[in-house]
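Asks: Below is a structure I'd like to ask you about.
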Amino acid sequence: MGTEPLLEIRNLATVFRTDGGVVRAVDGVSLTLAPGETLGLVGESGSGKSVTNLSILRLIPDPPGRIERGEVLLRGVDLLKLSDNEMRKVRGRRVAMVFQDPMSSLNPFLRVSRQMTEVLEIHEGVSGGEARRRALEMLTKVGIPDPTRRFDDHPHQFSGGMRQRVMIAMALLCRPELLLADEPTTALDVTVQAQILDLIRGLTRDLGTSVILVTHDLGVVAGMAQRVAVMYAGRIVELASVDRLFDDARHPYTIGLLRSLPGRRPAGAAAGGRLASIPGRPPDLARLAEGCPFEPRCPWAHDRCRKERPPLRDVAMGQQSACWLDDPARATPTRPHLWEAGT
Amino acid sequence: MSTRPKVTAEPILSLRDLAMHFPAGGGGLFGGPRRLIRALDGVDLDIARGETLGLVGESGSGKSTLGRCLVRLYQPTRGKILFEGEDLAAMNGEKLRKRRQRLQMIFQDPYASLNPRMTVEDIVAEPIRVHRLARGADIRERVKELMEMVGLDPRFIRRYPHEFSGGQRQRVGIARALATQPTFIVADEPISALDVSIQAQILNLLADLKERLHLTTLFISHDLSAIRHVSDRVAVLYLGRLAEIGPAALIDSDPRHPYTVALLSAAPRPDPRAAHRPILLAGDPPSPLTPPSGCRFHPRCPLAVERCRVEEPLLRELEGDDKRLVACHLAEEVSHLMGMVGRVEVSGQHLSRLTLPSNASDVH
């Protein structure tokens, strides 16, 4: 990569103490993000994708959680070493976050105008008419119709899609360098989701904001991201450009996910054809065995996979995979019927 | 499969002018006008024996209400539900209870729909007991058989729902639905609460069961790719009315209602090379409390003309196309017109509108 990365995560580990033992939610994640780049972080519930995002902003509830080790370098400065006071200046100003539920970042009791101008006052010392002008400008940018009239409304007076827009306006108010978006459109209707994704794409491009987009939806990733990191059991198992990932996935888990998607049914195929289905479920993160955590669900598993956990390594130009095989899809499976087995 | 006619000689289920209105406050202590949520507002539909009909729509479309009316969890406000020739809407008491064995429902959230204090055995046996389909030791045998049928290990018969994963819980819900040997299944968002790798397992299971038990299925979902995958025909619901219905492949490749076009273009496709220029509709789906005049879709429709504001389009056949029905005044020209839709910015929002100067007067 020619340019200096905006964000570099090195060997991040975040654990939670639970009754069932220590859950290694994020277990050695490393990745970099270039300025202006959108990275899709995909995985299933419990894969560690949301915890990775929360760890970047040090929003892990402690206890029960704790960032155990690693570095989160924002333009070379380790966020994990900042004082709480310094960290507050990073949050909302240089790194902003949007969630699935807009009410988790909006205060239900305060008018939108007050919440927005407050952000500008705290982070940039801008107040009064100038703050109002900038807040209104951002509301216009996110497509709130008649923003002057709606400015003094409370969040609940907006519809679901409009509330999502207000949250995005708040997040981008200080022109952050990095936007962490956690399933921002999962709760929305399809046509509203298209509007919001279009908005995030357009605004972050205009502002030059980098994005880490956490989602379970590979369709959303395909339309939004330049690169994709696939997480499984607390680690990145594949990292590639979006084209390579969809054309030539190299980790068995990614391959299985793509083959299980109903959207890729070839035109003209009969209804109800069988999809590849990955039997079983992700491992209990409090009881990780030795070896590759995907091994029990993998058609290409062999002896070594049961003993040693494969590291993330280069398998092709611009593509890394945490599998002992360079190209499993072209290798002979050891359990050829695993993904088509029964129901 | 795509050649199946829209009305077969023998539909197993037909809806005639089905409507379901819910009271929405007002008229009480503090007066105010009594208001109605018109969740379903006159739906006609035939489902052929053995087919899977996909019902797609967004929030407020009435798709779940329609499913719940079919299995008579709701008493519809008006209209008929003809199931194997008899009107379920006009039925009650013992007779309805008996018919209901034949229609069963699979719910979205298997956790919310299963009693957490009951074992799998109790959950699956309940309908068997209620309908007196087996007694004594036969009940347990039947439960085990059903568990095997849905891919659950019968040794787990004494376990509680929380001891299962989401996918397994959904299997318990399916076993329970199958306990009364139904011929018709309403599956309401059966995979939306599940993780991606688990969704395929459940879709495969439903396909197997359909084949084995000759089930007819109404598959309700907001997820177009799942709908496309499982359905023989697809029905698109918008604000309580059908916008379009026809063979899945035809609806997918040549939609004729502007809403269907928009919905298809908005659905994220797992293909980075697909054109990501969705048709951007104005605002959210409107409320079924106050459905717009004329065509319900007109305030969000990029093609709307004066007639659409005034006159509600009826579901109709198009010339030379007897497999599909569509409710749009402009259906004949939709493909042509949608090709001329471009993006305009209206107070910060990007919207798709007809970009022809000659149509400019219609647009606002």
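Chains V and S are the protein sequences, given in the same order.
The first sequence lines up with residues 1 to 343 when you count with my numbering.
The second sequence lines up with residues 344 to 707 when you count with my numbering.
Cβ atoms here follow ideal geometry from the backbone N, Cα and C, with glycine treated the same way.
These numbers come from a predicted model, not from an experiment.
If you measure from the beta carbon of residue 8 (chain V) to each beta carbon in chain S, is any gap under 8 angstroms?
Replies: no
Asks: Using the Cα positions of residue 479 (chain S) and residue 518 (chain S), report the straight-line distance between them to the nearest angstrom.
Replies: 19 angstroms
Asks: Indicate the three-state DSSP secondary structure (helix, strand or coil) for residue 254 (chain V) in the structure shown.
Replies: helix
Asks: If I measure Cβ to Cβ from residue 333 (chain V) and keep anything under 8 angstroms in the same chain, skipping five residues before and after, which residues do I get?
Replies: Around residue 333 (chain V): 299 and 300.
Asks: Do the CB positions of residue 397 (chain S) and residue 578 (chain S) come within less than 8 angstroms of each other?
Replies: yes
Asks: Kindly say whether residue 45 (chain V), judged by its beta-carbon, lies nearer than 8 angstroms to any beta-carbon of chain S.
Replies: At a cut-off of 8 angstroms between beta-carbon atoms, residue 45 (chain V) makes contact with chain S.
Asks: Within its chain, find whatever has a CB closer than 7 angstroms to the CB of residue 507 (chain S); leave out the 5 residues flanking it on each side and keep chain order.
Replies: 515
Asks: Locate the alpha helix (DSSP H) running through residue 585 (chain S), then write down its first and last residues.
Replies: In the DSSP assignment, residue 585 (chain S) falls outside any alpha helix (DSSP H) and within the unbroken beta strand (DSSP E) covering 584–590.
Asks: Strictly below 9 angstroms CB to CB, what residues from chain S border residue 222 (chain V)?
Replies: 611, 612, 613, 614, 615, 616, 617 and 619
Asks: Please confirm whether residue 56 (chain V) has its beta-carbon closer than 8 angstroms to some beta-carbon of chain S.
Replies: no
Asks: Please report the straight-line C-alpha distance between residue 367 (chain S) and residue 377 (chain S), rounded to a whole angstrom.
Replies: 7 angstroms
Asks: Compare the C-beta of residue 474 (chain S) against all C-beta atoms of chain V and say whether one is closer than 8 angstroms.
Replies: no
Asks: Tell me whether residue 408 (chain S) sits in a helix, a strand or coil according to DSSP, three-state version.
Replies: Annotated three-state conformation of residue 408 (chain S) is helix, per DSSP.
Asks: If I'm right that residue 442 (chain S) touches residue 262 (chain V) with Cβ under 8 angstroms, what's the distance once you round it to whole angstroms?
Replies: Not a contact, Cβ separation roughly 32 angstroms.
Asks: Looking at the C-beta of residue 384 (chain S), does it have a partner C-beta in chain V at a distance below 8 angstroms?
Replies: no
Asks: Residue 602 (chain S) by DSSP, collapsed to three states: which one?
Replies: The answer is helix: DSSP assigns residue 602 (chain S) an H, G or I state.
Asks: Just to confirm the assignment: which complete beta strand (DSSP E) runs, minimum length 3, are found wholly within the stretch 291–318 of chain V?
Replies: Whole beta strand (DSSP E) segments, 3+ residues: 313–316.
Asks: How many angstroms separate the CA atom of residue 627 (chain S) from the CA atom of residue 686 (chain S)?
Replies: 18 angstroms
Asks: List the endpoints of the continuous alpha helix (DSSP H) containing residue 453 (chain S).
Replies: 453–456
Asks: Closer than 8 angstroms, CB to CB, is residue 256 (chain V) near chain S or not?
Replies: Cβ-Cβ to chain S under 8 angstroms: yes for residue 256 (chain V).
Asks: For a quick check, are the C-beta atoms of residue 127 (chain V) and residue 117 (chain V) less than 8 angstroms apart?
Replies: yes
Asks: Where does residue 363 (chain S) sit, in a helix, a strand or coil, going by DSSP?
Replies: strand
Asks: From residue 624 (chain S) to residue 603 (chain S), what distance separates their C-alpha atoms?
Replies: 12 angstroms
Asks: Using a Cβ-Cβ distance under 8 angstroms, would residue 431 (chain S) count as near chain V?
Replies: no
Asks: Can you give the Cα-Cα distance for residue 182 (chain V) and residue 214 (chain V), rounded to whole angstroms?
Replies: 5 angstroms
Asks: Does any residue of chain S bring its CB to less than 8 angstroms from the CB of residue 154 (chain V)?
Replies: no
Asks: In chain V, which residues lie less than 7 angstroms from residue 401 (chain S) when you measure between Cβ atoms?
Replies: 189, 190 and 191
Asks: How about residue 539 (chain S): is its C-beta nearer than 8 angstroms to some C-beta of chain V?
Replies: yes
Asks: Nearest to residue 171 (chain V) by alpha carbon, out of V:94, V:44, V:241 and V:328?
Replies: V:94
Asks: Can you check the stretch 497–535 of chain S for any beta strand (DSSP E) of at least 3 residues that lies completely inside it and give the ranges in chain order?
Replies: 527–531
Asks: Is the separation between the beta-carbon of residue 656 (chain S) and that of residue 647 (chain S) shorter than 8 angstroms?
Replies: Cβ atoms of residue 656 (chain S) and residue 647 (chain S): not closer than 8 angstroms.
Asks: Are the beta-carbon atoms of residue 674 (chain S) and residue 661 (chain S) separated by less than 8 angstroms?
Replies: Between residue 674 (chain S) and residue 661 (chain S), the gap from beta carbon to beta carbon is short of 8 angstroms.
Asks: Give me the residue from V:308, V:226, V:339 and V:289 with the minimum Cα distance to residue 319 (chain V).
Replies: Comparing Cα-Cα distances from residue 319 (chain V) to each of V:308, V:226, V:339 and V:289, the minimum goes to V:226.
Asks: Which residues of the stretch 482–516 of chain S have a Cβ closer than 8 angstroms to any Cβ of chain V? Give them in chain order.
Replies: 493, 494, 508 and 510
Asks: Counting beta carbon pairs with one atom in the stretch 158–176 of chain V and one in the stretch 80–95 of chain V, are three or more of them shorter than 8 angstroms?
Replies: Yes: at least three Cβ pairs fall under 8 angstroms.
Asks: Does the stretch 309–325 of chain V come within contact of the stretch 240–249 of chain V, defined as at least 3 CB pairs closer than 8 angstroms?
Replies: yes
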